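Worksheet for the structure shown next.
Residue numbers (my numbering): 377 to 982.
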């Protein structure tokens, strides 16, 4: 219709109230008139069809149970129309400022004056939390001094890592204290200051205790010694065949250690910010801790796939920077080995990470994303929202606008329960025929067989109901893939499922949706190559920045990783808007960044 003037064209309304007849309303044009607090639906050239109570489950219909009325202009007033608008106006006019929008005096007044004990606790918790955050630099300083005094070796990279861990530790206990305070298990004062007190105790203990210093290098050395593969002679006296040399194994072990450390730190950061976001809805929806833990559990595969490329880049940069800094790379080249031989363990490691990412993406991620999206909706809105709820009615509009389908997903594959086909006239305005059955199945891509059918035909004001004695085929029907509920989130499907769904869109005219999904499909192919791209970029950068220390390599890795992600997302957006083909949009970032890395590698001085 005309969005600028608020006019709809080809209106179809399915109106069903409990224990009341069902009304099917069609009209050529419609609009909403507003007067004061009343909203009125105005329909032009309208036809109202009344069906018996219990439709569509009650498919035994006689002709006199269906009536039609035609009106040149139909005005409808109903509480359903006014409810949403009035609620919105009420929220706007009576809105109270949120706790994080209040100043100190307002928080103090609310924490002492409210009659509602729950709101008073929340205000007191927010007041104390704000005060503890203001004093948090002091506690971080104490923790930093304690860790610094006990750390003798390890360099700046270890210092950065311990700082991140200290921050995550503090905010993790801050979230726990806030949640416990909101649940009433602890007084708001204790919940708000829990993280502060624990951090203060640990920081002072580190300063006072004169025990052994932390030694990250010693830990890594001991780990390498314990995990080293003995390359000697076997029990029968023959030497074993080793595919990787000593340096290869050393590099691989370092990559694995730094990857695990980086991966765990990044996963912790991911979950910390997720908890901050989710706990904002705690008081409003009242979800339990069990639901939150389930959400985190099903979110873990997505977090793993998201952080794996950057974790690979950081581990590559840190490992090869240490090789350069310790002159191990110089000894390697002095022995006659090329730089391309040096990168073999890094490439093998990246291929392994990419393979794991592909397996998670195809085998685990679709179902996990479906469940975590449902749990997220439950946490944010207080009710579960599913994309394809089993046993509930679904609707789909055909591309030619002459048919609308309603159905329930059948228990058996390729079947529908209570399928109903609404067929409109040539102009796509008024109903011409309604076909309903007990269930339906497909005999070919365009033929659906309706079992126990009922056919209702409309000719002006004349209604005829027929009950065929046998199942009837309906030709020219939408395919089963098209009638299934629309897939809105490509991350909830594997490669084959998304490919099949895109093929089903070819005859439905949904060009914009098909373009977006085509780019998402190509990203499923290209994303597992991201760790390999990060390796090609990371090794030459490590050779260039290695003498400056691992901390410099860490910041370079973060910059390069963010640049790669921003470029890849930008290309994806261009592909979604049909400015680039799907293949170019998905593969531009891996190809360009890999080319840059290979060029830098070829120019590296050895």
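Even for Gly, the Cβ is constructed at its ideal location relative to N, Cα and C. Since we're looking at a predicted model, the values are computed, not measured.
Of the residues assessed, residue 835 falls on the exposed side of the cut-off, its CB having fewer than 16 other CB atoms within 10 angstroms. Secondary structure at residue 681: helix, using DSSP grouped into helix, strand and coil.
Excluding sequence positions up to five before and after residue 722, its CB lies within less than 8 Å of the CB of 627, 631, 692, 695, 696, 911, 914 and 915, all in the same chain and listed in chain order. With a beta-carbon spacing of about 16 Å, residue 569 and residue 498 fall beyond the 8 Å limit used to define contacts.
In this structure residue 500 is buried. Its beta-carbon is surrounded by 16 or more other beta-carbon atoms within 10 angstroms. Put simply, the backbone Cα of residue 798 is about 11 Å away from that of residue 402.
The C-beta of residue 622 has fewer than 16 other C-beta atoms within 10 Å across all chains shown, which makes the residue exposed. Judged by pairs of C-beta atoms under 8 Å, the region 940-951 does not touch the region 705-725, as fewer than three such pairs exist. For residue 414, the uninterrupted beta strand (DSSP E) run begins and ends at 414-427, by DSSP.
For residue 567, the enclosing alpha helix (DSSP H) begins and ends at 564-584. Ranked by how close their Cα comes to the Cα of residue 895, the residues 903, 849, 948 and 818 have 948 in first place.
Counting the other CB atoms within 10 Å of its CB gives residue 830 a total of 16 or more, which places it among the buried residues. With a cutoff of 8 Å on beta-carbon distance, residue 576 and residue 643 are scored as not near each other. Between the alpha carbons of residue 907 and residue 729 lies a gap of roughly 7 Å. The region 743-750 makes no contact with the region 698-706; the number of CB pairs closer than 8 Å stays below 3. With distances taken between CA atoms, residue 828 lies nearest to 792 out of 808, 839 and 792. Contact between residue 404 and residue 424 is absent: CB atoms are separated by about 14 Å, not below the 8 Å threshold.
The beta carbons of residue 681 and residue 541 sit about 23 Å from each other, so the pair does not count as a contact at 8 Å.
The alpha-carbon of residue 488 is positioned some 10 Å away from that of residue 495.
Within its own chain, the residues whose Cβ lies closer than 7 Å to the Cβ of residue 567, once the five positions on either side in sequence are excluded, are 501, 553, 554, 556 and 557, listed in chain order. Between residue 647 and residue 684 the beta-carbon gap is near 15 Å, outside 8 Å, which marks them as no contact. In this chain, the beta strand (DSSP E) harbouring residue 849 covers 848-851. A residue is called buried when at least 16 other Cβ atoms come within 10 angstroms of its Cβ; residue 677 meets this threshold and is buried.
Within the DSSP bridge table, the entry for residue 402 names 388 and 423 as partners. Residues 744, 747, 748 and 751 of the same chain have their beta carbon placed closer than 7 Å to that of residue 674, with the five preceding and five following residues left out of the count. Apart from sequence neighbours up to five positions away, the residues of its chain that approach residue 853 with a beta-carbon distance below 7 Å are 822, 823 and 824, ordered along the chain. For residue 910, the uninterrupted alpha helix (DSSP H) run begins and ends at 906-921, by DSSP. Exclusion of the five residues before and after residue 515 leaves 546, 572, 575, 576 and 579 as the residues of its chain whose Cβ lies within less than 8 Å of its Cβ.
DSSP, read as helix, strand or coil, puts residue 845 in coil.
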